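Here is the structure we will look at, set down as structure tokens.
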Amino acid sequence: MTGKDRALLRRAANTLEPILHIGKEGVTDAVVQQAWEALEARELIKGTVLPAAGMTPKEVVAILCERTHAEPVQCIGRRFTIYRMADTNSRYGIK
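For what it's worth, this note's numbering labels the leading residue of the sequence shown as 1376, then goes sequentially.
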């Protein structure tokens, strides 16, 4: 992913509300499944890491991206954005 692609995704994520919340259980199989389904439906998702998670947001993003085959877009504070191109009907078309 190029810098221009990442900038486009950051701009698109600016208006998104977080739909993925990482709590004290951390990154569980259920969270990964939810992220997988959300990425397939939306391609670009925003999430938050609650203080009780016991993990830094960058650690959470690394684990989620590895397990969902996604790309990190940005991580600011406790919020993060990840992207994975959908198999069908890609909205952004960025690989």
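Ideal Cβ positions, reconstructed from N, Cα and C, are used throughout, including at glycine.
Values in this document were obtained by computation on a predicted structure and should not be read as measured data.
Check this for me: beta carbons of residue i and residue j, under 9 Å apart or not?
| i | j | result |
| --- | --- | --- |
| M1430 | G1452 | no |
| I1420 | I1394 | yes |
Please report the distance separating the alpha-carbon of residue i from that of residue j.
| i | j | result |
| --- | --- | --- |
| R1442 | V1407 | 7 Å |
| K1433 | P1426 | 13 Å |
| K1379 | T1403 | 32 Å |
Return helix, strand or coil for residue i, following the three-state DSSP convention.
| i | result |
| --- | --- |
| I1438 | helix |
| V1448 | strand |
| L1419 | strand |
| L1383 | helix |
| T1456 | strand |
| V1407 | helix |
Should residue i be labelled buried (16 or more other beta-carbon atoms within 10 Å of its own) or exposed?
| i | result |
| --- | --- |
| E1468 | The sequence as given places Gly at residue 1468; Glu does not occur at that position. Label assigned to G1468: exposed. |
| A1445 | buried |
| A1375 | The requested residue 1375 does not occur in the structure, where the chain is confined to residues 1376 to 1470. |
Per DSSP, what are the beta-bridge partners of residue i in this structure?
| i | result |
| --- | --- |
| Q1466 | First, the residue type needs correcting, since residue 1466 is Arg and not Gln in the sequence shown. Paired residues: none, contrary to the question. |
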